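Protein chains in written order, with my numbering: chain A, 72 to 410; chain B, 72 to 410.
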DNA sequence: TGGTATTACTAAATCGTATTAGTAATTTAT
DNA sequence: ATAAATTACTAATACGATTTAGTAATACCA
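What follows is the structure in structure tokens.
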């Protein structure tokens, strides 16, 4: 018992010896090679020996010839204090699992040294492909050696479009959020946008405007405020928005953290949610969105789906050159009670 | 360029040929074997060839003989909608990195089939050890084949103590939270506990009582309420607590989500935080704790540290039998503005 | 001056599997 | 009845590294 982990694991040869056949035969039986005939008794003897010895093939030895490691690398570029990273890993892993592959995860905390070392180590392990993920949608500079292996960027893109990438559909997300508010009969819809010059900021605004336009509503610049995307920014911007003449009857917030501040502001002003003012957030940060009162209607970022898509895309283009397309994934509406 | 990924990667033999030396020599140079003498010119020639060919050693081939895969398995048992999983992975990975090892991550979503398959696949890849993690502190039933490899349980423990494990120090956490409130001069401290029969529930209560006792304060059962650990549970329990005669001047909440509800209740009752009532949470769920107003003082679960500890522990006991100890890690106080 | 050390290398074995090329015995086809 | 095909296996090789055991040439020492 105690020495079970110090003893060398059984090899195919051990199995062969116990079953009284050649190692080759064991290999054929184990891999169930239908193009080679093995008698049923022999098969049985082999499987018995396999079970007796608790034999497990050595993946390193198996993969040595084919150079197919059955490993997919996942590099996440930054620290994240959200569950988003988990969702990416889950999506990627679930898809990898379908292909009997495992995920090699390294998180670089933005450190370029680690970033390069991570790619190097992964290449040494002969990963079949690499997913390079950032934790919010942005432009990225993946390390050059990545070009040596099939690779997709996740939640980011290379300025020069030298890699395929998957990103959330920010425009559709902004539009969906706005439409959810419109569907509740709101006409004056405020938008509290972020200040950072990132795709989310531009895209969601574009979506907001597109939704208004589609509903034949004018775009009113006084209804759009920009603030740092946290609860205090949301609090202040919402207060400002509501104290204007002709305040909105609905507010679309750049993210859920901002929405938290909006809730506080509205409560302070004595407005009820959603009766006086409907609110929609973005990100679907569970701990916030599900636990605010009333629970926050929001738009979810498709992290799980992006992870899934990345692995499947890489599989489809295995061996060949993956076209450097930019794939966009829908951000679904999560309906709760605030709209 | 385009065929760079279809071409077979260069081997040590390719390097040897280009440098005009034997493959053995290349191996010696690359591994910088100081016990073997190689002339400087030769070394230089070899490194030149390595760079020219962009040679990277094949980890599978290298590790085949030693059966040291440089891989550590991390199995996470459940879906989580928190950042906790990320912290575990980060801690484990940072520690693994120090040892030039990589993390193989599988998340089983609680599915026993996947759980077993994950262990099997990891063993086939000859992981050097496995970390089996759950997403909240509880008793667990890890799959039997885990006994075949050095393993530690993270955030959980085996009823029969057959595995070493790391868990948060719930008692100290509860005590720390209570003491933080006592340090602010509060004497009547309420505790909104969870209802689930899990270590966190028992431990934090014990810590709360220990802190009171150490401060020579009586334990008043009317100050302790139990509720489902979400914001609505927190809201109701806090309301009930505050409407009692002689209500508390401070509330320690089982977790941050509950604290969110407590904030709402206190606001509704016109009590200010922290002046009228100080609040302390648990878990340090960033999106909540940092974005509530005022920002929530809370106790952090040591997920990062547990991941780190697990990897280091496994390294220390590499090869040998790891003693099935239960290691407990401190939950630090995160001071913000609510206490 | 002969013997031992040291330097600078190389040939060959090895790890555990998959695959290729056989071989001997039996069955089928003509 | 004999050639051809099929069945049921095995021996040997390859994958890409590390390691062991050597070898030839030069340096050192008594």
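Each residue gets a CB set at the ideal place from its N, CA and C atoms; glycine is no exception. On a predicted model such as this, the values are computed, not experimentally measured, just so you know.
Handout entry: Beta-carbon contacts of residue 62 (chain B) that lie in its chain and below 8 angstroms, excluding the five residues immediately before and after
Key = Residue 62 (chain B) lies beyond the range of chain B shown here (72 to 410); nothing can be said about it.
Practice task
Within its chain, find whatever has a CB closer than 7 angstroms to the CB of residue 99 (chain B); leave out the 5 residues flanking it on each side and keep chain order.
Solution key: Indexing the second chain from 1 puts residue 99 (chain B) at position 28. So the qualifying residues of the chain are 107, 109.
Practice task
Using a Cβ cut-off of 8 angstroms (strictly closer), state whether residue 306 (chain B) contacts chain A.
Solution key: Position 235 of the second chain, counting from 1, holds the residue named residue 306 (chain B). For residue 306 (chain B), a Cβ of chain A is located within less than 8 angstroms of the residue's own Cβ.
Exercise for the section: Work out the CA separation of residue 221 (chain B) and residue 102 (chain A) for me, nearest whole Å. Expected result: Taking the first residue of the first chain as 1, we reach residue 102 (chain A) at position 31. Taking the first residue of the second chain as 1, we reach residue 221 (chain B) at position 150. Between residue 102 (chain A) and residue 221 (chain B), the alpha-carbon positions lie close to 28 angstroms from each other.
Practice task
Look at residue 238 (chain B) and residue 399 (chain B) and say whether their C-beta atoms are less than 8 angstroms apart.
Solution key: As a working note, residue 238 (chain B) is residue 167 in the second chain. As a working note, residue 399 (chain B) is residue 328 in the second chain. Their beta carbons are under 8 angstroms apart, which means residue 238 (chain B) touches residue 399 (chain B) by this criterion.
Exercise for the section: Using a Cβ cut-off of 8 angstroms (strictly closer), state whether residue 352 (chain B) contacts chain A. Expected result: To locate residue 352 (chain B), count along the second chain from 1; it is residue 281. By this cut-off, residue 352 (chain B) is not an interface position.
Problem - Straight-line gap, residue 92 (chain B) to residue 121 (chain B) (C-alpha atoms, nearest Å) - result: By 1-based counting over the second chain, the position of residue 92 (chain B) is 21. By 1-based counting over the second chain, the position of residue 121 (chain B) is 50. C-alpha of residue 92 (chain B) to C-alpha of residue 121 (chain B): approximately 12 angstroms in a straight line.
Handout entry: Burial state of residue 396 (chain A) (16 or more Cβ within 10 Å)
Key = Against the first chain, residue 396 (chain A) aligns to sequence position 325. Residue environment: residue 396 (chain A) is assigned as exposed (fewer than 16 neighbouring CB atoms within 10 Å of its CB, all protein chains considered).
Exercise for the section: Compare the Cα-Cα distances from residue 190 (chain A) to each of A:378, A:146, A:246 and report the closest residue. Expected result: For the purposes of this step, residue 190 (chain A) is taken as residue 119 along the first chain, with counting starting at 1. Considering only alpha carbons, the answer is A:146.
Exercise for the section: Run the CB neighbour count on residue 290 (chain B), radius 10 Å, all protein chains shown included, and call it buried at 16 or more, exposed below. Expected result: As a working note, residue 290 (chain B) is residue 219 in the second chain. Its Cβ having fewer than 16 others within 10 Å, residue 290 (chain B) is exposed.
Exercise for the section: Determine whether the Cβ of residue 161 (chain B) lies closer than 8 angstroms to any Cβ atom of chain A. Expected result: In the second chain, counting from the first residue as 1, residue 161 (chain B) sits at position 90. Yes, residue 161 (chain B) counts as interfacial toward chain A.
Problem - Residue-chain proximity (residue 199 (chain B), chain A), Cβ-Cβ < 8 angstroms - result: Here residue 199 (chain B) refers to the residue found at position 128 when the second chain is read from its first residue. No, because no Cβ of chain A sits closer than 8 angstroms to the Cβ of residue 199 (chain B).
Handout entry: CB-CB length for residue 204 (chain B) against residue 229 (chain B), believed under 8 angstroms
Key = Walking along the second chain from the start, residue 204 (chain B) turns up at place 133. Walking along the second chain from the start, residue 229 (chain B) turns up at place 158. Residue 204 (chain B) to residue 229 (chain B), Cβ: 13 angstroms. No contact.
Practice task
Could you name the residues of the same chain whose beta carbon sits closer than 6 angstroms to that of residue 261 (chain A), not counting the 5 residues immediately before and after it, in chain order?
Solution key: For this step, residue 261 (chain A) is matched to residue 190 along the first chain. Spatial neighbours of residue 261 (chain A) in its own chain (CB-CB distance under 6 angstroms, excluding positions within 5 residues in sequence) are listed in chain order as 294, 312, 319, 322.
Practice task
Mind listing the chain A neighbours of residue 132 (chain B)? Cutoff is C-beta to C-beta under 7 angstroms, in chain order.
Solution key: Here the question's residue 132 (chain B) lines up with position 61 in the second chain. Within chain A, the C-beta atoms nearer than 7 angstroms to that of residue 132 (chain B) come from 135, in chain order.
Exercise for the section: Could you say if the segment 331-346 of chain B and the segment 295-310 of chain B meet the contact criterion of at least three C-beta pairs nearer than 8 angstroms? Expected result: Contact between the segment 331-346 of chain B and the segment 295-310 of chain B is present: three or more C-beta pairs spanning the two stretches fall below 8 angstroms.
Exercise for the section: Kindly indicate the opening and closing residues of the beta strand (DSSP E) around residue 146 (chain B). Expected result: Mapped onto the second chain, residue 146 (chain B) falls at position 75. Note, residue 146 (chain B): beta strand (DSSP E), 142-147.
Practice task
Output yes if chain A places a C-beta closer than 8 angstroms to the C-beta of residue 233 (chain B); else output no.
Solution key: For this step, residue 233 (chain B) is matched to residue 162 along the second chain. False, the Cβ-Cβ gap to chain A never drops below 8 angstroms.
Problem - Euclidean distance between Cα positions of residue 281 (chain A) and residue 259 (chain A) - result: Position 210 of the first chain, counting from 1, holds the residue named residue 281 (chain A). Position 188 of the first chain, counting from 1, holds the residue named residue 259 (chain A). When rounded, the distance between both Cα atoms is 15 angstroms.
Exercise for the section: With 8 angstroms as the threshold, decide whether the Cβ of residue 156 (chain B) is near any Cβ in chain A. Expected result: As a first step, residue 156 (chain B) must be located in the second chain, where it is residue number 85. Residue 156 (chain B) counts as touching chain A.
Practice task
Taking the CB atoms as reference points, tell me whether residue 367 (chain A) and residue 352 (chain A) lie closer together than 8 angstroms.
Solution key: The residue you call residue 367 (chain A) lines up with position 296 of the first chain. The residue you call residue 352 (chain A) lines up with position 281 of the first chain. Here residue 367 (chain A) is near residue 352 (chain A), since their CB atoms are less than 8 angstroms apart.
Problem - Residue nearest to residue 44 (chain A) in terms of C-alpha spacing, selected from A:277, A:148, A:155, A:234 - result: Residue 44 (chain A) falls outside the range modelled here, since chain A spans only 72 to 410, and no answer is possible.
Practice task
Any chance you could list the beta strand (DSSP E) runs of at least 3 consecutive residues sitting entirely within the segment 240-281 of chain B, in chain order?
Solution key: Runs found: 260-264.
Handout entry: Residue from B:329, B:243, B:202, B:236 whose Cα sits closest to the Cα of residue 265 (chain B)
Key = As a first step, residue 265 (chain B) must be located in the second chain, where it is residue number 194. That would be B:329, whose Cα lies nearest to the Cα of residue 265 (chain B).
Practice task
Express the C-alpha separation of residue 324 (chain B) and residue 173 (chain A) in angstroms, rounding to a whole number.
Solution key: What you label residue 173 (chain A) is simply residue 102 of the first chain in a count that begins at 1. What you label residue 324 (chain B) is simply residue 253 of the second chain in a count that begins at 1. The C-alpha of residue 324 (chain B) is placed about 39 angstroms away from the C-alpha of residue 173 (chain A).
Practice task
Consider the Cβ of residue 328 (chain A): report whether some Cβ of chain B lies at a distance smaller than 8 angstroms.
Solution key: Counted from its first residue, the first chain places residue 328 (chain A) at position 257. It does; some Cβ of chain B falls within 8 angstroms.
Practice task
Output yes or no for whether 8 angstroms exceeds the beta carbon distance between residue 164 (chain B) and residue 182 (chain A).
Solution key: By one-based count along the second chain, residue 164 (chain B) stands at place 93. By one-based count along the first chain, residue 182 (chain A) stands at place 111. The answer is no: Cβ separation not under 8 angstroms.
Handout entry: Span separating the alpha-carbon of residue 79 (chain B) from that of residue 143 (chain A)
Key = One-based indexing of the second chain puts residue 79 (chain B) at position 8. One-based indexing of the first chain puts residue 143 (chain A) at position 72. CA-to-CA, the gap between residue 79 (chain B) and residue 143 (chain A) works out to about 18 angstroms.
Exercise for the section: Taking 8 angstroms as the cut-off, decide whether the C-beta atoms of residue 296 (chain A) and residue 263 (chain A) are in contact. Expected result: Numbered from its first residue, the first chain carries residue 296 (chain A) at position 225. Numbered from its first residue, the first chain carries residue 263 (chain A) at position 192. Their beta carbons are under 8 angstroms apart, which means residue 296 (chain A) touches residue 263 (chain A) by this criterion.
Exercise for the section: Closer than 6 angstroms by C-beta to residue 84 (chain B): which residues in its own chain qualify, once you throw out the five before and the five after it? Chain order, please. Expected result: Taking the second chain and counting its residues from 1, one reaches residue 84 (chain B) at position 13. These residues qualify, in order along the chain: 94.
Handout entry: Beta-carbon neighbours of residue 164 (chain A), restricted to chain B and to distances below 8 angstroms
Key = Position 93 of the first chain, counted from the first residue, corresponds to residue 164 (chain A). The contacting residues are 176, 177, 178.
Practice task
Enumerate in chain order the residues of its own chain whose CB-to-CB distance from residue 306 (chain A) is below 6 angstroms, with the five nearest sequence positions on each side excluded.
Solution key: Position 235 of the first chain holds residue 306 (chain A). Sequence-distant partners of residue 306 (chain A) (beyond 5 residues in either direction) whose C-beta falls short of 6 angstroms from its own C-beta, in its chain, are 332, 335, 336.
Exercise for the section: Could you name the residues of chain B that residue 335 (chain A) contacts, counting a contact when the two beta carbons are closer than 8 angstroms? Expected result: Position 264 of the first chain, counted from the start, is the residue given in the question as residue 335 (chain A). Under the 8 angstroms cutoff, chain B gives 364.
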